[in-house]
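Here's the structure we're looking at; comments come further down.
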Amino acid sequence: MPLPTVIVPGYLESAIAYRQLEQSLQQLDFPTLTVPLRRRDWLPTIGGRPVTPILQQLDLTIKQTLEQYNATQINLIAHSAGGWISRIYMGEKPYLGRGNVKLSLWKGHPLIATLITLGTPHISQERWTRSNLDFVTNNYPGAFYKNVNYVCVAGKTIFGQRRRGSWLAYSSYQLTCGKGDTWGDGITPIEAAHLEGAENLVIEGVRHSPRSPGIWYGSPEPLKAWAQYLI
Numbered sequence: 006m007p008l009p010t011v012i013v014p015g016y017l018e019s020a021i022a023y024r025q026l027e028q029s030l031q032q033l034d035f036p037t038l039t040v041p042l043r044r045r046d047w048l049p050t051i052g053g054r055p056v057t058p059i060l061q062q063l064d065l066t067i068k069q070t071l072e073q074y075n076a077t078q079i080n081l082i083a084h085s086a087g088g089w090i091s092r093i094y095m096g097e098k099p100y101l102g103r104g105n106v107k108l109s110l111w112k113g114h115p116l117i118a119t120l121i122t123l124g125t126p127h128i129s130q131e132r133w134t135r136s137n138l139d140f141v142t143n144n145y146p147g148a149f150y151k152n153v154n155y156v157c158v159a160g161k162t163i164f165g166q167r168r169r170g171s172w173l174a175y176s177s178y179q180l181t182c183g184k185g186d187t188w189g190d191g192i193t194p195i196e197a198a199h200l201e202g203a204e205n206l207v208i209e210g211v212r213h214s215p216r217s218p219g220i221w222y223g224s225p226e227p228l229k230a231w232a233q234y235l236i
């Protein structure tokens, strides 16, 4: 039987946006749950503050999923910021809690068989996110845990340019990887979405968010490209 699967929403996103993806995976016989986040759950993390509240909900969801399905491991599908949040969760170095008072630690990597990141910015030049991403990069570079199968999915959809229609992509790419004139999914450039040592995929025509118009990573066709890596 396939392993149960947990979806981690992207930054400022709620679980409801991933309902279709959840149903698609269930149709492939993967028992799937989404971390039950609401948009307001992200408010304490704004401005580069620690993402401890999200990590706590991720941990609770994973533990409940393991118990519900009597499993010892899960697949983790993480969208956007959910990808680097998942890498903190898997790690063994204390992570600074809310208010810079409480150190938190989850050591979750033995529970994760496969981590699939969808449009995750694994690097950033933006000062609000640097503290979190630098923590991940410095402590868990690349596909760090050999017992975890890392799959990093990027989109090749919009080339960033300083002109109408691609200005948002240009600005977002520049904030992420330091240059705007490159390919990405409209928010995350390809070079930021991949990790050294991972199975790195590029899918053409997908946009960053489940709320984007048209096709995104979790739409039925793109799903086929990365779902094959689930265990």
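Numbering (the numbering used here), first residue to last: 6 to 236.
Here a beta-carbon is modelled for each residue, glycine too, at the ideal position from N, C-alpha and C.
Query raised in the report: What's the gap between the Cα of residue 122 and the Cα of residue 51?
Result: The count along the sequence shown starts at 1 and reaches residue 122 at position 117. The count along the sequence shown starts at 1 and reaches residue 51 at position 46. Looking at the two C-alpha atoms, the distance is approximately 21 Å.
Query - Best match in 18, 40, 183, 209 for proximity to residue 135 [C-alpha to C-alpha] - result: Position 130 of the sequence shown, counting from 1, holds the residue named residue 135. For residue 135, the nearest C-alpha among the options comes from 183.
Report task. Would you list the one or two residues that DSSP bridges to residue 238? Result -> A question about residue 238 goes unanswered here, because the residues of the chain that appear run from 6 up to 236.
Query raised in the report: If you check the beta carbons only, do residue 90 and residue 13 fall under 8 Å apart?
Result: Position 85 of the sequence shown, counting from 1, holds the residue named residue 90. Position 8 of the sequence shown, counting from 1, holds the residue named residue 13. Taking 8 Å as the Cβ cut-off, residue 90 and residue 13 qualify as a contacting pair.
**Report entry** Nonlocal neighbours in the same chain, by C-beta distance under 7 Å from residue 200, ignoring five residues either side
**Finding:** By one-based count along the sequence shown, residue 200 stands at place 195. Correct list, in chain order: 127, 147, 148, 155, 157.
Report task. Identify which residue in 53, 72, 213, 204 has its Cα closest to the Cα of residue 153. Result -> Along the sequence shown, one-based indexing puts residue 153 at 148. Ranking 53, 72, 213, 204 by Cα distance to residue 153 puts 204 first.
Query raised in the report: Which residue's Cα is closest to the Cα of residue 140: 64, 202, 210, 55?
Result: Against the sequence shown, residue 140 aligns to sequence position 135. Cα-wise, what sits closest to residue 140 is 55.
Query - Cutoff 6 Å; reference residue 100; Cβ partners in own chain excluding five residues on either side - result: In the sequence shown, residue 100 corresponds to position 95, counting from 1. Hits under 6 Å: 93, 109.
Query raised in the report: What are the boundary residues of the beta strand (DSSP E) that residue 154 is part of?
Result: Against the sequence shown, residue 154 aligns to sequence position 149. Residues 154 to 161.
Query - Burial state of residue 193 (16 or more Cβ within 10 Å) - result: One-based indexing of the sequence shown puts residue 193 at position 188. Buried is the call here.
Query - Other residues of its chain near residue 86: CB distance less than 6 Å, five sequence neighbours each side excluded - result: The residue you call residue 86 lines up with position 81 of the sequence shown. Here the set comprises 15, 16.
Query raised in the report: Any heavy atom of the ligand HEM closer than 7 Å to the CB of residue 18?
Result: Because no ligand of any kind appears in the structure shown, any question about the ligand HEM cannot be addressed here.
Query raised in the report: Rounded to whole angstroms, how far is the Cβ of residue 235 from the Cβ of residue 35, which I believe are closer than 8 Å?
Result: Taking the first residue of the sequence shown as position 1, residue 235 is located at position 230. Taking the first residue of the sequence shown as position 1, residue 35 is located at position 30. About 6 Å separates the two Cβ atoms, so the contact holds.
Query raised in the report: Would the beta-carbon of residue 160 fall within 8 Å of that of residue 208?
Result: In the sequence shown, counting from the first residue as 1, residue 160 sits at position 155. In the sequence shown, counting from the first residue as 1, residue 208 sits at position 203. Contact: yes.
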